[in-house]
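Student:
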Amino acid sequence: MNELKGLNIVWLSETDLTNLNAGEGESNYIDVKKFKRDGIEYPYVSGQAMRFYLKEAMRRSLEDKEYMCIPNDKGETCGDIKKCIMCDLFGFMTTVKGKGAVTRVSPVKVSPAIGMLPFDENAASGGADFLTRRHRVSEGTKMEGDIVNVEIGTNIYKGGVSIDMVRVGSNEKIDEERRAVSIENVVDVSEKKKRVKKMLEALRYLTDYSKQARLLTDFSPDVIAISLQNKYAHRLQKLFELYDGREVNIQRLNEILDDVSDYSDKILFGMVSGIVKNETEVKKAVEAKGISVKTPSKVLNEAMELV
Ligand SMILES: [Zn+2]
């Protein structure tokens, strides 16, 4: 295998009736974040919240000697990428004694999770109505009997992660004389791989999203594709487009798989049944590219072995 430059993961996850936004402030109404496309509202979970969920899943699986710092009251982290898995993978902006403000660009890029089905059941979307119930539930008492209303909905969300493999466990060094940038490894290759594996593992065990005490749901991947690339690119993120409610656009799937195959040593695909309508066609199309379709957990395990 060539040197791994990029690792992309894109997935679909069906959620039950839930609200996945972190409840901020003391507002007694927590709405679902929404965006509009062609006049129709879709829910989404911010990239910031997704990063938080990923970090928390990783924190749960920390082993002896592994370290992830906890941000201080100003939200600043330790900035020690040799020691701290979180600062290394997720970047930081912090002040270091004697150095002033130091910024690290996150080698792990996380997309917002985007709802693929309209939020409003009255939206003209053909066939998606059974998934888009809209309710308000009382989330029980909070601070002196205050009732908190949480807007909730079901959906199929698309999530994505892209890892800049070269920048994991390394720093960019600017050579002033040559006016060039070089990469300086801070940890050895095995530690680098261990960190990336930890992140992949976290995707299997995503659980720490908000409001799970009353709105338990599973947000881990139901349909997933992972590319191990010898170029750094985000193209795989375009793989899934759903139309007619739950049908995967097969032509798009083919086009993106062709594109990404050009610079990937391996593309993995996993799917559980009952998520997308045309799963037989999806399976056929993927297998026609020489990629076998497994379960999402098998695929994540295989990616961990290949890293
Ligand atoms: Zn840290």
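Its first residue numbered 104, the sequence shown is counted upward by one per residue in the working numbering.
Quick reminder that beta carbons are idealized off the backbone N, C-alpha and C, glycines included.
Source: prediction; values computed, not measured.
If you count every other CB in all the chains shown that lies within 10 Å of the CB of residue 383, and 16 or more means buried, which is it?
Tutor: Stepping through the sequence shown from its first residue, residue 383 is reached at position 280. Result: exposed.
Student: According to DSSP, which residues form a beta bridge with residue 327?
Tutor: As a position in the sequence shown, residue 327 is number 224, starting the count at 1. For residue 327, which the question treats as bridged, DSSP gives the partners 114, 373.
Student: Report, in whole angstroms, the separation of the C-beta atoms of residue 388 and residue 352, which I expect to be a contact under 8 Å.
Tutor: The count along the sequence shown starts at 1 and reaches residue 388 at position 285. The count along the sequence shown starts at 1 and reaches residue 352 at position 249. Their Cβ separation, rounded to whole angstroms, is 10 Å, which puts residue 388 and residue 352 out of contact at 8 Å.
Student: By DSSP's criteria, residue 277 is part of a beta bridge. Which residues make up the other side?
Tutor: Counting from 1 along the sequence shown, the entry for residue 277 is found at position 174. Paired residues: 284.
Student: Ligand 1 heavy atoms versus the CB of residue 189: any closer than 8 Å?
Tutor: Start at 1 with the first residue of the sequence shown, and residue 189 comes out as number 86. Yes; taking the cut-off as 8 Å, the Cβ of residue 189 has a heavy atom of ligand 1 nearer than that.
Student: Does the Cβ of residue 443 have 16 or more other Cβ atoms within 10 Å, making it buried, or fewer, making it exposed?
Tutor: Outside the shown range of the chain (104 to 410) lies residue 443, about which nothing can therefore be said.
Student: Measure the alpha-carbon distance for residue 354 versus residue 362 and round it to whole angstroms.
Tutor: As a working note, residue 354 is residue 251 in the sequence shown. As a working note, residue 362 is residue 259 in the sequence shown. Cα-Cα distance, rounded: 12 Å.
Student: Which of the three DSSP states, helix, strand or coil, is assigned to residue 356?
Tutor: If you number the sequence shown from 1, residue 356 lands on position 253. Three-state DSSP puts residue 356 in a helix.
Student: Of the residues 390, 337, 408, which one's Cα is nearest the Cα of residue 304?
Tutor: Residue 304 sits at position 201 when you count from the first residue of the sequence shown. Checking every option, the nearest Cα to that of residue 304 belongs to 408.
Student: Use the C-beta contact count for residue 330: other C-beta atoms within 10 angstroms, 16 or more gives buried, fewer gives exposed.
Tutor: Position 227 of the sequence shown, counting from 1, holds the residue named residue 330. Per the 10 Å Cβ criterion, buried.
Student: What is the residue span of the beta strand (DSSP E) that residue 137 lies within?
Tutor: Here residue 137 corresponds to residue number 34 of the sequence shown, with the count starting at 1. 137–140 is the span of the beta strand (DSSP E), which, as asked, contains residue 137.
Student: Using a Cβ-based criterion (distance less than 8 Å to any ligand heavy atom), does residue 44 qualify as near ligand 1?
Tutor: As shown, the chain starts at 104 and ends at 410. That puts residue 44 outside it, with no answer to give.
Student: Can you grab the Cα-Cα spacing for the pair residue 139 / residue 169, in whole Å?
Tutor: The residue you call residue 139 lines up with position 36 of the sequence shown. The residue you call residue 169 lines up with position 66 of the sequence shown. Rounded to whole angstroms, residue 139 to residue 169 spans 42 Å at the Cα level.
Student: Quick check on DSSP: helix, strand or coil for residue 155?
Tutor: In the sequence shown, residue 155 corresponds to position 52, counting from 1. Of the three classes helix, strand and coil, the one that applies to residue 155 here is helix, per DSSP.
Student: According to DSSP, simplified to helix, strand and coil, what is residue 383?
Tutor: Position 280 of the sequence shown, counting from 1, holds the residue named residue 383. Helix, per DSSP.
Student: Tell me whether residue 198, by its Cβ, gets closer than 8 Å to a heavy atom of ligand 2.
Tutor: The ligand content of the structure shown is limited to ligand 1, which means ligand 2 is not among them.
Student: For residue 220, which option in 266, 164, 349, 393 has the closest C-alpha, if you only look at C-alpha atoms?
Tutor: On the sequence shown, position 117 is the one that residue 220 refers to. It is 349.
Student: Once the 5 residues before and after residue 108 are set aside, which same chain residues still bring their CB inside 7 Å of it?
Tutor: On the sequence shown, position 5 is the one that residue 108 refers to. Correct list, in chain order: 268, 269, 332, 333, 334, 335.
Student: Which residue spans inside the stretch 146–213 form an unbroken alpha helix (DSSP H) run of at least 4?
Tutor: You should have 150–163, 188–193.
Student: Answer yes if the stretch 294–301 comes into contact with the stretch 149–159, meaning at least three C-beta pairs across the two stretches below 8 Å, and no otherwise.
Tutor: Because the criterion of three Cβ pairs below 8 Å is not met, the stretch 149–159 and the stretch 294–301 do not touch.
Student: Just to confirm, is the Cβ distance from residue 309 to residue 110 under 9 Å?
Tutor: Locating residue 309 in the sequence shown gives position 206, counting from the first residue. Locating residue 110 in the sequence shown gives position 7, counting from the first residue. It is not a contact, given that the beta carbons lie outside the stated cut-off.
Student: Rank 177, 159, 259 by C-alpha distance to the C-alpha of residue 171 and give the top, closest one.
Tutor: Numbered from its first residue, the sequence shown carries residue 171 at position 68. Of the listed residues, the one whose Cα sits closest to residue 171 is 159.
Student: How is the alpha helix (DSSP H) around residue 305 delimited, first residue to last?
Tutor: One-based indexing of the sequence shown puts residue 305 at position 202. Residue 305 -> alpha helix (DSSP H) spans 292–307.
Student: Confirm the yes/no value for this check: CB of residue 183, any heavy atom of ligand 1, distance under 8 Å.
Tutor: Counted from its first residue, the sequence shown places residue 183 at position 80. Residue 183 Cβ: within cutoff of ligand 1.
Student: What residue does the alpha helix (DSSP H) around residue 216 start on, and which one ends it?
Tutor: Your numbering for residue 216 matches position 113 in the sequence shown. Looking at the DSSP string, residue 216 is not in any alpha helix (DSSP H); the run it does join, the beta strand (DSSP E), is 216–218.
Student: Using 8 Å as the cut-off, classify the Cβ of residue 180 as near or not near the heavy atoms of ligand 1, replying yes or no.
Tutor: Residue 180 sits at position 77 when you count from the first residue of the sequence shown. Residue 180 Cβ: within cutoff of ligand 1.
Student: Can you grab the Cα-Cα spacing for the pair residue 218 / residue 258, in whole Å?
Tutor: The sequence position of residue 218 within the sequence shown is 115, counting from 1. The sequence position of residue 258 within the sequence shown is 155, counting from 1. When rounded, the distance between both Cα atoms is 6 Å.
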